[in-house]
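These notes concern the structure reproduced below.
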Amino acid sequence: MRSKNTSISKARVAIDIGGTFTDLVAFVEYEDGQRETLTCKTDSTPEDFSRGFFNAIESVGLDFSKIECLVHGTTIGINTILQRKGAKVGFITTEGFKDIIHMGRGERPEFFNLNFQKPESFVERHLCFEIKERINANGKVVSPVKLDQIPQILNYFRQEGVEAIAICTLHSYANPTHERAIADEIKKLWPTIPVVASTDISKELREYERSNTAVMSAYIKPVIEQYLDQLLIKLKERQFKGNFYIMKSNAGIETVEGIKNCPIQIVESGPAAGFIAAGQFGKKVMGIDVGGTSFKVAVIVDGKPEIKSLYEIGRNETSPGYPLQMPVVDLSEIGNGGGSIAWVNDYGHLLVGPMSAGAQPGPAAYGKGGLAPTVTDACLVLGWINPEKFADGTKTADLEAAHRALNTLAAKLGYEQIDHNSSREIAKNIIMISQNNMLQALKSVSVSRGYDPREFALVPYGGGGGMHAGRLAQFLGMTKIVIPPHSEVFSADGMLGSDLRRDYSQTVIASLASENFADLLAESFHQLELKAKKSFAKELNNPEVNLSYFACLQYEGQGHSVEIPLGKNEFNRQAIEAIFSEQHRKAFTFSLDNSPIDLVKIRIEATVKILELNQQKLQAEESTSSNTNKKRMIDFVEDGYCEATVYDGSQFKPGMKFSGPAVIENQGGTFLVLPGMTGCVDEFGQINMDVAPLMKDQQVLRKNELITQEIIQHSIVSITQQMFSQVIRTAMSPIIYEVLDMSTGLTDAQGNLISSGAGMPGFTVLLDFPVKAVIKALGGTLKRGDIIAVNDPYHGGVTHRSDLVLVMPIFDDHDQLIAFSVVIAHQNDIGGIAHGSLSPEAKHIDDEGFFVPPTKLYSENIRNEEFFNKFVDASRMKDNLKGDIMAAVAAVRKGEQATLELVRKYSSPVFLEALDAYQKYGEEITRANLKKLPQGRFEFSELQDDKQTFNAVITISPEEMIIDLRDNPKQSTGPFNLSEDAAIVAARTILASVTSAAVCNEGAFRCLKVLTTKATIFNPNYPAPQGFYFETWVVLHSLLQQTLAKAAIKNIPAGGFSSICGTLFGGKHAETGKSWQVVEPQSGGHGGSDGLDGASATHSFFHGNTQNTSNEVLEARNNNILILRHSFNPEEGGEGKYCGGKGICKEILFLSDENWATAFYTRSDVKPWGLADGNPGSNNYIEIVHAENGQVEHRSTVTEIELKRGDILRIVTGNGGGWGKPCERPPEQIEKDRKQGLISEKQYWQFFKPAIVSINSSNALQKQVSLQ
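Encoded structure:
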């Protein structure tokens, strides 16, 4: 405690600026040797964050000259990105790849949105330049860098006002010499321009992610430099002479110069510090940070949060966001803080977040004009927060404003009586929904990663952490909560305990079985050690650098690795294999014994201790009881409305004990002590709580409670997403872990679809069909632990034999069948007449691989080895198939486990009632939107590439949509048939698109009827092959889309490239002789619509989160190929008032003999259709350029065509159709398109020139130019 009449001799200060509040912690020492901790929480000042920075310091009365160390966490980096207020960036990359930054990975997270738009890149296309150079996956120079191109590029950059330059060349992670040479040349010719090379930030493969990281860093670099320079000037003016550090996203601090060189390191600056600080409270803790805007959670083991190397800004259910490839604390973040807004959707359902009231105007109770009800308003109304000590503890809340805001929701939800009782009921519902959102985030970093939350202590902090911690701990079965001192400003507190830290990683691909593995690993680590020590030595005198070693390993073929810690020089391969197998088993429930293991990356954490902060023991109190006369009525929701003791946390002394129901009030934070919970204060001032388990009457909530049903429904969605994550992190084949050609889901006990995870839209709405087939075939024999496999499209397999479905029945603790867990995933090869099990020449379904009728793969958790081995032996890619099956097994088991946890929490009757309500909700939404569509009968016919005509009739009434496909060609003799179930799936996706599906379950499709005729293309008879069913599916989807365009449904786009463009190629590895193959759908151009251009280089409507395979990954895994080009399709097509999106052009050079390729593309003759006088798009095709004679074969179909050394496989996908007359495109947009290179000069003069001339011309002149 501060001594009277003494002044501060020195101070150490940390300031964390968040979206709503700015937090300060200062450790001060007085001249008489006494010490004190000062804290404050003030409003952030988004218009000028530095003002909030200095406000915080000045509010605690610190003399700047006495501050010896200042650590700053800031949101300036992320805000610059989110508000798009960064620099104008130029981008330089390898020849043939300038469009990578705009193409992204081709995914479309908003499955059923026919007008999906990609997020806008942070660099304009005309500012992307290619340079002649090439390095291969082994780091070998294939083509030297041509630096003589740079002067011309820089001249253009100067002319266009470029303010920063980013560089990323292919495989620079393996050999950065070309990137460095380009950067050095730029600095020589233009010394003042900020330059960012991708390998200055990351040395990991995946060119799009590395390119985007470099671009984003360049984008914020001038802003961060200016912000930090201004802070330094203002600090100097205030006589600050100490050391100034910035908090990084990797939980370390960095010098100002270090951040200015690589500013992207601070994009998640503040949150990382709190999780580092939480590590001091136990070997296993989970930290939760509940602020004004968001809820963040991370797992901390042995004092350190886990670090991940990929962070995605802005990724959500509608956008793929922007990936950053750099070390970041592995946290889960959702928009669910105190300021999160509660709202009612169009269908009368209450939701919370992600929108936030922020600091301005803030919650309604702030009294700053905010009208939207927030979580904070709910907490006030329930009595959790003292209205007399609101916000930072110095304000009085406007409680009546909170009641009024909450009652706006009561009115929307149809409450008959609007009063304080209704607002309190709404507040309880908001809390229940909010806490369930938090619970799912907690599970995503614990249960879904193989951690048991019951083994962890919960450390809550931030202004709202203490209010939710008790209930969250109960939900997870946790028994300990630790409330740190200064929890309301804990992230700032953690900054003062952070080390100066730099992470160094390197892609190193090697087999654990290779003879020189240990030497390679030791040398690779040695190089990183030298780099780390050299870096610190530049800035510090004789630094003591502490190094920690990590290796990322995976089973051969997997796409996602497991990181394991290593001791220095502990590179014994047997020990490494044992550690990896155990970690894999822990995270994913299985290991693959005797399977080859690969090293893919190494990482070093290099730290230097800057601050030594020793916790001071506090003076113990003689009395160990916490006596207080204050009481307050509080609604604890599940525990009801009861009187609670009110404690002043600032008066707590070591040894004090207390019990719930109670509330502890601190400046800027409140902690709820639930009934049955007990706690005590330890010698350092932290509060240790023992958590009482949920009572039975709290677990089984009222059966008819709407909110309970909604919580269960949201939990089900979360379960399917956990299953999805399990598959992609353990699968062996790129078609699954990169392309995401799979999906996961849950059905009810009757096989009706409840919810599906991410993946492919064509899969997400079909999972009920295989489950119903399993029930029909094996229903009476199903037992706990059974897992059934099926791939028969005639009996529940739906698609083709290559898509294997696993179904697991879920029985509750009373042996009642309550649900099914299901996974579908494309398998690389299951036998048949051709590699990849797909051949355009197939005549019988047995030509397409191993047949699996509904068969028990596992019986009561025991694997059917005879069946399993037969299936695997049929494959040409046995190891891949075996690993992919085990990944799916782990996922359906994850679904079973998570569903049972939910059932045990709420009981089977409540769970089943929620499922029924969810189905009814899906039906309600679809029918409501169906009534808004044009009513009537609409028909359309389209000629296909094979000269057959497809026909559709759609009848829309208020009660149903009937899709009549009966008048269609007879079934094909080739593999282009579509099962009736698959035709229904295509119809479901169209229905979901035009009714704006918010829910995807069986109820949503009850109003749909699909009519087909047996022995036709859309309902073939056995044994018609169906290998290329997906091409017919996409054509059918396009046909239905065109039919609905006749109904004048708003925002139906013009035609897209409408083909999967499935491409298979492979051969034998030149070094190992092992077979390799790639199975990959291609992205293409989508049609324009009224008001929007079509999306470019995006996957078809059959796919959703499907991603193209990284070119670097393709080359690293298959050393027989070199990708020469991956760019937009430059051909004409799709011109319109709103243009169609661009397809792609990809060229693959084969470096050895004995290779093959198979492909089948539709829309190779019939072009994507235009709408409203827009021009049609362009065709899909492949070309084979033969090295031997230079001959070019132009094809749409090839079957295992031989490819030799020097041959090139060229893949071209179509541009989408245009919407509206090209001459009506706004002139300024035309000029922009020309500048971006999206309109050629030929297109300009032929289609768009009249629009330009018409700006200031007579009608006669316009007509004349039009004629020309």
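Residue numbering for the sequence shown follows the UniProt record's numbering, starting at 1 and increasing by one per position. Think of the CB as a built atom: it goes at the ideal place given N, C-alpha and C, for glycine as much as any other residue.
Fully enclosed by the segment 815–887, which alpha helix (DSSP H) runs are 4 residues long or longer?
Complete alpha helix (DSSP H) runs here, min 4: 865–873.
Apart from the five residues just before and just after P751, which ones in its own chain have a Cβ nearer than 6 Å to its Cβ?
Contrary to the premise, residue 751 reads as Gly rather than Pro in this sequence. Correct list, in chain order: D768, V771, K772, I775.
Per the DSSP calculation, Q554 is bridged to which residue(s)?
Paired residue(s): D598.
Bridge partners of D503, per DSSP?
Partner(s): E605.
Per DSSP, what are the beta-bridge partners of E939 in this structure?
In DSSP, E939 forms a bridge with V953.
From the DSSP output, which residues share a beta bridge with residue 1286?
Absent from the structure is residue 1286, since the part of the chain shown begins at 1 and ends at 1268.
Just reading off the beta strand (DSSP E) that D16 is part of, what are its end residues?
Per DSSP, D16 is one residue of the beta strand (DSSP E) stretching across 8–17.
Using the beta-carbon count (16 or more within 10 Å), is residue 1276 buried or exposed?
Residue 1276 is absent from the model: the chain starts at 1 and stops at 1268.
So, using beta-carbon positions, are G465 and I276 closer together than 8 Å?
no
Which residue wins for smallest C-alpha separation from E605, given the options S908, I687, A251?
Nearest to E605 by alpha-carbon distance, out of S908, I687, A251, is A251.
Considering V296, what are the terminal residues of the alpha helix (DSSP H) in which it resides?
Here residue 296 is Lys; the residue named in the question, Val, does not match the sequence. No alpha helix (DSSP H) contains K296, which is instead part of the beta strand (DSSP E) from 295–301.
With distances taken from CA atoms, which of A411, N407, N436, S548 is nearest R424?
N407
Report, in whole angstroms, the separation of the C-beta atoms of E1241 and P1025, which I expect to be a contact under 8 Å.
Cβ-Cβ separation between E1241 and P1025: approximately 46 Å, too far for a contact (criterion under 8 Å).
Any chance the segment 475–487 sits against the segment 314–329, with 3 or more Cβ pairs inside 8 Å?
no
Can you list, in chain order, the residues of its chain whose CB lies under 6 Å from that of G1133, leaving out five sequence neighbours each side?
G1177, S1178, N1215
How should N704 be labelled, buried or exposed, when 16 other C-beta atoms within 10 angstroms of its C-beta is the threshold for buried?
Any reading at N704 must be qualified, since the residue scores a pLDDT of 37, below 50, and its modelled position is unreliable; the value itself is stated next. So N704 counts as exposed.
Would you grab the beta carbon distance between S448 and Q709 for me? Rounded to a whole angstrom, and I think it's under 8 Å.
At roughly 23 Å, the Cβ-Cβ gap does not stay under 8 Å, so S448 and Q709 are not in contact.
D598 versus G1066: straight-line alpha-carbon distance, rounded
21 Å
How big is the Cα-Cα spacing for L231 and S50?
7 Å
Is there contact between the segment 265–273 and the segment 482–500, where contact requires at least three CB pairs shorter than 8 Å?
yes
State the Cα-Cα distance for the pair I253 and V71, rounded to the nearest angstrom.
8 Å
Taking only the alpha-carbon atoms, compute the straight-line gap between G1084 and P975 and give it to the nearest angstrom.
Their backbone Cα atoms lie some 23 Å apart in a straight line.
P491 versus L351: straight-line alpha-carbon distance, rounded:
Here residue 491 is Ser; the residue named in the question, Pro, does not match the sequence. Inter-residue distance for S491 and L351 is about 28 Å (C-alpha atoms, whole angstroms).
D648, enclosing beta strand (DSSP E) - first and last residue:
Its beta strand (DSSP E) spans residues 641–648.
Please report how far the alpha carbon of D981 lies from the alpha carbon of F588, in whole angstroms.
32 Å
What residue range is occupied by the uninterrupted alpha helix (DSSP H) comprising H420?
Residues 420–445.
Short Cβ contact (8 Å threshold) for T720 with L746:
yes
Closest to S446 by C-alpha separation, out of Q1041, K894, A181, would be which residue?
K894
Could you tell me which whole alpha helix (DSSP H) segments of length 4 or greater appear in the segment 221–245?
none
Using only alpha-carbon positions, find the residue among I431, G640, G106 that is nearest to residue 1271.
What the structure shows of the chain is the stretch from 1 to 1268, and residue 1271 is not part of that stretch, so it cannot be assessed.
Which whole-angstrom value is the C-beta distance of L1209 and I1182, which I expect to be below 8 Å?
7 Å
For V508 and S198, what's the separation of their Cα atoms in angstroms?
17 Å
According to DSSP, which residues form a beta bridge with W1156?
G1066, E1202
Contacting residues, own chain, Cβ-Cβ under 6 Å from E556 (five flanking each side not counted):
P596, D598
Please classify R502 as buried or exposed, where buried requires at least 16 neighbouring CB atoms within 10 angstroms.
buried
Rank V903, M467, W1219, H1186 by C-alpha distance to the C-alpha of G1206 and give the top, closest one.
Ranked by Cα distance from G1206, the first of V903, M467, W1219, H1186 is H1186.
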